[in-house]
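Number of protein chains: 2
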Amino acid sequence: MGAKKGNAVVAQSGGMTAAINATLAGVYSKAAQAEEISKIYGSLHGIEGIINDNLKELNLNSDEVEMLKVTPGGYLGSCRYKLPTLEKGPEVYNSIFETFKKYDIRYFFYIGGNDSMDTANKLSIYAKTIGYDLTVIGLPKTIDNDLPITDHTPGFGSAAKYISTACAEVYLDVKSFDIPYVVIIEAMGRNAGWLTASAALAKEYYDTPDLIYLPEVTFDINEFFGEVETLLNKKKLVVAVISEGIKNADGSYFCDTGALTSDNFGHKNLGGSAAILGQMVKDKFGVKVRPIELSLLQRCAGHSVSATDINESFEIGGAGVGAALSGLSDVMMIFERAEGSEYSVNIGNCPLSAVANVERKIPREWINEAGNFVTKECNDYIRPLIKGELHPVMENGIPQYIVCK
Amino acid sequence: MGAKKGNAVVAQSGGMTAAINATLAGVYSKAAQAEEISKIYGSLHGIEGIINDNLKELNLNSDEVEMLKVTPGGYLGSCRYKLPTLEKGPEVYNSIFETFKKYDIRYFFYIGGNDSMDTANKLSIYAKTIGYDLTVIGLPKTIDNDLPITDHTPGFGSAAKYISTACAEVYLDVKSFDIPYVVIIEAMGRNAGWLTASAALAKEYYDTPDLIYLPEVTFDINEFFGEVETLLNKKKLVVAVISEGIKNADGSYFCDTGALTSDNFGHKNLGGSAAILGQMVKDKFGVKVRPIELSLLQRCAGHSVSATDINESFEIGGAGVGAALSGLSDVMMIFERAEGSEYSVNIGNCPLSAVANVERKIPREWINEAGNFVTKECNDYIRPLIKGELHPVMENGIPQYIVCK
Chain A
20 MGAKKGNAVV AQSGGMTAAI NATLAGVYSK AAQAEEISKI YGSLHGIEGI INDNLKELNL
80 NSDEVEMLKV TPGGYLGSCR YKLPTLEKGP EVYNSIFETF KKYDIRYFFY IGGNDSMDTA
140 NKLSIYAKTI GYDLTVIGLP KTIDNDLPIT DHTPGFGSAA KYISTACAEV YLDVKSFDIP
200 YVVIIEAMGR NAGWLTASAA LAKEYYDTPD LIYLPEVTFD INEFFGEVET LLNKKKLVVA
260 VISEGIKNAD GSYFCDTGAL TSDNFGHKNL GGSAAILGQM VKDKFGVKVR PIELSLLQRC
320 AGHSVSATDI NESFEIGGAG VGAALSGLSD VMMIFERAEG SEYSVNIGNC PLSAVANVER
380 KIPREWINEA GNFVTKECND YIRPLIKGEL HPVMENGIPQ YIVCK
Chain B
20 MGAKKGNAVV AQSGGMTAAI NATLAGVYSK AAQAEEISKI YGSLHGIEGI INDNLKELNL
80 NSDEVEMLKV TPGGYLGSCR YKLPTLEKGP EVYNSIFETF KKYDIRYFFY IGGNDSMDTA
140 NKLSIYAKTI GYDLTVIGLP KTIDNDLPIT DHTPGFGSAA KYISTACAEV YLDVKSFDIP
200 YVVIIEAMGR NAGWLTASAA LAKEYYDTPD LIYLPEVTFD INEFFGEVET LLNKKKLVVA
260 VISEGIKNAD GSYFCDTGAL TSDNFGHKNL GGSAAILGQM VKDKFGVKVR PIELSLLQRC
320 AGHSVSATDI NESFEIGGAG VGAALSGLSD VMMIFERAEG SEYSVNIGNC PLSAVANVER
380 KIPREWINEA GNFVTKECND YIRPLIKGEL HPVMENGIPQ YIVCK
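Just so you know, the sequences run in chain order A and B. Whatever position you read off the first sequence (first residue = 1), add 19 for our numbering. Whatever position you read off the second sequence (first residue = 1), add 19 for our numbering.
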């Protein structure tokens with residue numbers, strides 16, 4: 020029931036992760052086995068590939084699927100295209116459905132964040148309006164872990180593993196020096212501090228980090244200076260991990276000196292908070308300071324991904340195809356964490372419209388009262404997501420990833 | 020012959036690497052088996068531990084030795100202490116030899132770079148002057164690979180592996196976006212570009228990086244702009260890897276805007292070249308720019324070291340003890356690459372005085388004529404050094420390293 024003959028298209032969108040190709044691999048593997056789906060196309064550069072008739076038929080063997088699972092970045096390319104409303108851009112909708120018709124696309128799988136779910140939702144509504152039989156499935160993706168409803172997002176676990184590992188390793192390096200030293204590590208996260216919070220897992224094994232600052236709590240520079248001063252007196256080395264999106268009391272970004280540019284969705288391009296804060300610490304205390312911006316490294320470290328993340332990301336892709344074949348549409352697949360002390364997830368779904376443009380932040384009760392660290396509950400939530408190791412095949416010391424020709 | 024009863028002290032100095040503890044593990048393992056050596060002390064924070072009577076007797080079991088081999092940073096701590104000349108600081112020499120006498124130290128193993136070899140050499144000369152029977156062995160260490168005589172330095176291979184891997188992974192991330200995009204990756208290297216050059220190994224498998232700029236060749240901003248313009252027209256995405264120490268025609272550092280501080284050896288604390296250059300590219304071309312400073316991450320990534328580097332670093336530590344027991348002194352152990360197409364090294368030695376304060380740079384003929392990439396000969400030299408993978412034991416997704424209590 021609900022199953023139909025036709026072709027499928029899959030696309031990737033938004034910021035990259037080390038696991039977004041695992042989801043693509045999951046979609047491909049399941050779709051390739053499905054009688055109802057004849058051909059599987061990849062749309063190059065997200066929705067733009069569909070608008071511009073830039074599809075590529077996918078034919079991957081099992082070795083290539085395995086390589087794809089741990090290849091960072093978007094195998095099909097990505098975009099940050101903001102779909103206009105139907106009123107403002109009817110020609111765009113027209114182009115998209117021309118492509119759908121030309122390739123007899125009946126299944127559309129969109130791997131992305133909340134902006135992408137908004138796009139998928141708009142196309143699903145439009146398809147009904149014009150009577151075009153289209154199944155639309157959203158597959159979550161973002162290192163930021165800020166999508167609502169799903170317990171967590173594919174890609175977060177690997178980024179969190181990179182951050183907590185980097186935090187432990189940087190600590191072992193800098194603690195070698197017996198001098199007053201302040202290290203400020205900057206993780207991504209505009210409005211949600213999940214990535215930054217993951218650094219706290221390093222503290223379960225090492226005496227670091229000392230401080231964690233998140234966008235969820237107002238950043239007060241004087242309180243920060245006070246903490247640094249106290250710590251410098253006590254232990255010389257101070258390691259603070261901050262979100263790129265830490266905010267001043269008036270809600271403005273700490274790093275916003277007026278020169279920030281914005282992307283197509285109006286999101287400001289952040290980064291530089293650690294450098295700015297580092298200079299302030301140097302001016303105030305005159306000690307050695309090292310700001311470290313983890314930048315793209317935190318989201319593309321395919322050489323050391325979380326096995327939990329990659330395996331779940333693969334499974335949710337396949338589950339999306341399964342949902343489509345069972346007749347579901349207009350949903351995003353989600354992880355539901357099972358009750359109990361042993362970690363396990365089920366894959367469910369929710370309406371696309373429930374996800375679009377909603378950001379999930381760290382609950383205030385998972386942040387300590389002073390607003391400069393996270394609680395055990397937060398650690399308990401993140402810990403299982405970084406577990407397990409997967410490594411790419413290596414040749415001459417270089418990871419062997421698959422690149423779309 | 021030459022072997023004597025007594026105790027040994029080992030110390031680590033200068034900038035950290037992911038392999039400096041492997042050399043410590045090698046020294047410890049071999050010394051623990053030696054009849055001539057009763058106790059093995061670690062000096063905390065390099066030579067400062069000896070000056071300040073801050074030694075710790077080392078007793079490690081075989082599991083701990085294995086953990087130590089892949090633990091980044093300095094297990095014993097480090098320092099950047101500049102030993103004064105005897106004329107200027109006789110009391111320092113006095114303190115050092117007081118400690119040697121107190122602990123009956125007859126073997127001194129110093130793991131460090133060229134500044135450390137200078138220190139070791141001075142102590143060796145002083146020991147002879149006062150008639151104190153001391154065997155002094157230097158063990159090379161630096162991610163910069165800039166020590167003379169030795170084919171390469173312990174720690175370089177793991178850092179080079181991190182850089183070439185990061186370069187490939189960042190490329191896969193940024194190439195997902197079909198927009199004009201300039202990425203500038205900054206590697207360490209004040210005056211020698213070995214680390215930056217290692218990014219070229221990524222190009223044996225991926226279409227990146229496009230440009231490599233080293234301290235060995237004058238950096239001309241207009242030539243750089245010309246290359247970027249040509250590449251932007253041809254392929255949209257441009258990835259340049261630069262050394263922190265790229266220099267202007269007058270020999271000044273590109274990143275030196277007048278605000279740089281210096282360490283105890285008068286070396287300027289560099290960093291920020293990518294950020295400065297990135298801003299210039301943005302101003303000039305108006306395209307998306309991403310500067311990425313690899314910072315400490317490139318020298319502490321114990322989660323993904325080069326097996327060749329770690330194993331060789333361990334072996335050279337043991338070989339240093341072997342040399343001491345055979346009656347050698349006042350030498351630094353070195354790698355000698357065997358002739359032939361198959362990579363292999365022998366461990367030899369050279370006088371400490373030949374190493375002190377000498378920097379080895381990339382030969383000009385290993386850099387292309389335009390000065391913006393390295394040649395195949397350079398790749399052939401670096402390639403074997405990043406080969407093979409070793410990973411730490413993991414627990415809950417976090418690497419388990421050993422920390423000195």
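Backbone N, C-alpha and C define an ideal beta-carbon position, used for all residues, glycine too. Because the structure is a prediction, the values reported are computed rather than measured.
query = Closest to A/TYR190 by CA distance: which of A/CYS369, A/LYS180, A/ILE204 is it?
reply = Here residue 190 of chain A is taken as the residue at index 171 of the first sequence, counted from 1. Nearest C-alpha to A/TYR190: A/ILE204.
Item to check | Min CB distance B/GLY21 to chain A below 7 angstroms | outcome: Counting from one through the second sequence, the residue named residue 21 of chain B turns up at place 2. A caution first: B/GLY21 carries a pLDDT of 48, below 50, which makes its placement in the model unreliable, though a value can still be read off. Chain A, which has no Cβ nearer than 7 angstroms to the Cβ of B/GLY21, makes this no.
Output the distance between the C-alpha atoms of A/PRO411 and B/THR184, rounded to the nearest integer angstrom.
To locate residue 411 of chain A, count along the first sequence from 1; it is residue 392. To locate residue 184 of chain B, count along the second sequence from 1; it is residue 165. Approximately 11 angstroms between the Cα atoms of the pair.
Around the C-beta of B/GLN31, are 16 or more other C-beta atoms found within 10 angstroms, so that it is buried, or is it exposed? As a first step, residue 31 of chain B is located in the second sequence; it is residue number 12 there, counting from the start. That one is buried.
* What in chain A is Cβ-close to B/GLU223, meaning under 8 angstroms? -> To locate residue 223 of chain B, count along the second sequence from 1; it is residue 204. Neighbours of B/GLU223 on chain A, chain order: ASN415, ILE417.
- Straight-line Cα distance separating B/THR138 from B/LEU166: The residue you call residue 166 of chain B lines up with position 147 of the second sequence. The residue you call residue 138 of chain B lines up with position 119 of the second sequence. B/LEU166 and B/THR138: Cα-Cα distance of roughly 15 angstroms.
For this session: Could you tell me the distance, in whole angstroms, from the CA atom of B/ALA221 to the CA atom of A/LEU313?
Result: As a position in the second sequence, residue 221 of chain B is number 202, starting the count at 1. As a position in the first sequence, residue 313 of chain A is number 294, starting the count at 1. Rounded to whole angstroms, B/ALA221 to A/LEU313 spans 20 angstroms at the Cα level.
Does the segment 367-375 of chain B come close enough to the segment 336-350 of chain B to have 3 or more Cβ pairs within less than 8 angstroms? Below 8 angstroms, enough C-beta pairs join the segment 367-375 of chain B and the segment 336-350 of chain B to call them touching: three or more.
Any alpha helix (DSSP H) of 4 or more consecutive residues that is wholly inside the segment 60-146 of chain B = Correct list: 66-70, 81-88, 109-121.
Check your understanding: How far does the beta strand (DSSP E) with B/GLU246 in it reach, from first residue to last?
Key -> Numbered from its first residue, the second sequence carries residue 246 of chain B at position 227. B/GLU246: not part of any beta strand (DSSP E); member of the alpha helix (DSSP H) spanning 240-254, first to last residue.
Query - CB contact below 7 angstroms: B/THR184 versus chain A - result: The count along the second sequence starts at 1 and reaches residue 184 of chain B at position 165. Interface residue (Cβ-Cβ distance to chain A less than 7 angstroms): B/THR184 is classified as such.
Less than 7 angstroms between CB atoms is the rule here; does A/VAL189 satisfy it with respect to chain B? Taking the first residue of the first sequence as position 1, residue 189 of chain A is located at position 170. So yes, A/VAL189 belongs to the interface.
**Study point:** Which of helix, strand or coil DSSP assigns to B/ARG309
**Key:** Translated into positions along the second sequence, residue 309 of chain B becomes position 290. Reduced to three states, the DSSP call for B/ARG309 is strand.
Q) A/GLY321: which of A/ILE311, A/ILE405, A/PRO418 sits nearest, CA to CA? A) Counting from one through the first sequence, the residue named residue 321 of chain A turns up at place 302. Minimum Cα-Cα distance from A/GLY321 among the listed residues A/ILE311, A/ILE405, A/PRO418 corresponds to A/PRO418.
- Give me whichever residues DSSP pairs with B/ALA206 in a beta bridge. Counting from 1 along the second sequence, the entry for residue 206 of chain B is found at position 187. Residue pairing of B/ALA206 in beta bridges, as defined by DSSP: B/SER262.
- Query: Going by alpha carbons, who is nearest to B/ILE198 out of B/GLU85, B/GLY305, B/CYS319?
  - Reply: On the second sequence, residue 198 of chain B is found 179 positions in, with the first residue counted as 1. Among B/GLU85, B/GLY305, B/CYS319, the Cα nearest to that of B/ILE198 is on B/GLY305.
*asked:* With a threshold of 6 angstroms on Cβ separation, who are the neighbours of A/ALA146 within its own chain once the five nearest residues in sequence on each side are excluded?
replied: Here residue 146 of chain A is taken as the residue at index 127 of the first sequence, counted from 1. In its chain, beyond the 5 residues on either side, LEU153 have a beta carbon closer than 6 angstroms to the beta carbon of A/ALA146.
Could you tell me which chain D residues have their CB closer than 8 angstroms to the CB of B/CYS98, listed as they occur along the chain? Protein chains A and B are contained in the structure displayed, whereas chain D is not.
(message) Can you pull the chain B neighbours of A/LEU15, defined as C-beta to C-beta under 9 angstroms?
(response) In the structure as shown, chain A starts at 20 and stops at 424, and residue 15 of chain A therefore has no counterpart that could be examined.
- Message: Could you compute how far the alpha carbon of B/ASP123 sits from the alpha carbon of B/VAL155?
- Response: Residue numbering aside, residue 123 of chain B sits at position 104 when the second sequence is read from its first letter. Residue numbering aside, residue 155 of chain B sits at position 136 when the second sequence is read from its first letter. Taking the straight line joining both Cα atoms gives about 14 angstroms.
Review point. Quick one, which of A/ASN376, A/VAL260, A/ALA259, A/ALA294 has its alpha-carbon nearest A/ASP275's?
Key: Taking the first residue of the first sequence as 1, we reach residue 275 of chain A at position 256. For the residues A/ASN376, A/VAL260, A/ALA259, A/ALA294, the minimum Cα distance to A/ASP275 belongs to A/ALA294.
Check: Between B/ALA50 and B/GLY336, what straight-line distance do the alpha-carbon atoms span, to the nearest angstrom?
Finding: Locating residue 50 of chain B in the second sequence gives position 31, counting from the first residue. Locating residue 336 of chain B in the second sequence gives position 317, counting from the first residue. Going by the C-alpha atoms only, they are around 10 angstroms apart.
Next item on the list: Check each candidate in A/VAL260, A/ARG356, A/SER292 and name the one with the smallest Cα separation from A/TRP213.
Entry: Residue numbering aside, residue 213 of chain A sits at position 194 when the first sequence is read from its first letter. Selected option, being the one with the closest Cα: A/VAL260.
Counting only Cβ-Cβ distances shorter than 9 angstroms, please list the residues of the segment 389-411 of chain A near chain B, keeping chain order.
Answer in chain order: ARG402, PRO403, LEU404, ILE405, LYS406, GLY407, GLU408, HIS410.
In whole angstroms, what separates the C-alpha of A/ILE421 from that of A/ALA219?
Against the first sequence, residue 421 of chain A aligns to sequence position 402. Against the first sequence, residue 219 of chain A aligns to sequence position 200. The straight-line gap from Cα to Cα measures roughly 33 angstroms.
Q | B/HIS286 classed as buried or exposed, judged by whether at least 16 other C-beta atoms fall within 10 angstroms | A | Your numbering for residue 286 of chain B matches position 267 in the second sequence. For B/HIS286, the number of other beta carbons within 10 angstroms of its own is below 16, and it is reported as exposed.
message = Please list the terminal residues of the continuous alpha helix (DSSP H) segment that includes B/MET299.
response = Your numbering for residue 299 of chain B matches position 280 in the second sequence. Where B/MET299 is concerned, the enclosing alpha helix (DSSP H) stretches over 292-304.
**Asked** Looking at the structure shown, is A/ALA30 part of a helix, part of a strand, or coil, going by DSSP?
**Response** Residue numbering aside, residue 30 of chain A sits at position 11 when the first sequence is read from its first letter. It is a strand residue.
Short Cβ contact (7 angstroms threshold) for B/ARG356 with B/ASP226: On the second sequence, residue 356 of chain B is found 337 positions in, with the first residue counted as 1. On the second sequence, residue 226 of chain B is found 207 positions in, with the first residue counted as 1. Note that the C-beta distance between B/ARG356 and B/ASP226 is not below 7 angstroms.
Look at the Cβ atom of A/PRO228, then the Cβ atom of A/ILE265, and state whether they are nearer than 7 angstroms. Taking the first sequence and counting its residues from 1, one reaches residue 228 of chain A at position 209. Taking the first sequence and counting its residues from 1, one reaches residue 265 of chain A at position 246. No, they are not a contact pair.
>> If we define contact as Cβ-Cβ less than 7 angstroms, is B/HIS171 a contact residue for chain A?
In response: The residue you call residue 171 of chain B lines up with position 152 of the second sequence. False, the Cβ-Cβ gap to chain A never drops below 7 angstroms.
Open item on the list: Looking only at its chain, what residues have a beta carbon closer than 8 angstroms to the beta carbon of B/PRO103, apart from the 5 residues adjacent to it on each side?
Closed with: Start at 1 with the first residue of the second sequence, and residue 103 of chain B comes out as number 84. Non-local C-beta neighbours of B/PRO103 in its own chain, meaning closer than 8 angstroms and more than five positions away in sequence, comprise VAL111, ordered along the chain.
Residues bridged to B/VAL350 [DSSP beta-bridge criterion]: For this step, residue 350 of chain B is matched to residue 331 along the second sequence. BP columns for B/VAL350 point to B/ILE156, B/PRO370.
CB contact flag (B/VAL324, B/LEU409, <7 angstroms)
On the second sequence, position 305 is the one that residue 324 of chain B refers to. On the second sequence, position 390 is the one that residue 409 of chain B refers to. Taking 7 angstroms as the cut-off, the beta carbon of B/VAL324 is found closer than this to the beta carbon of B/LEU409.
Taking CB distances under 7 angstroms as the criterion, tell me whether B/VAL28 reaches chain A. As a working note, residue 28 of chain B is residue 9 in the second sequence. B/VAL28 does not count as touching chain A.
Taking the alpha-carbon positions, what's the B/VAL89 to B/GLY45 distance?
Reading the second sequence from its first residue, position 70 is the one you call residue 89 of chain B. Reading the second sequence from its first residue, position 26 is the one you call residue 45 of chain B. Between B/VAL89 and B/GLY45, the C-alpha separation is close to 12 angstroms.
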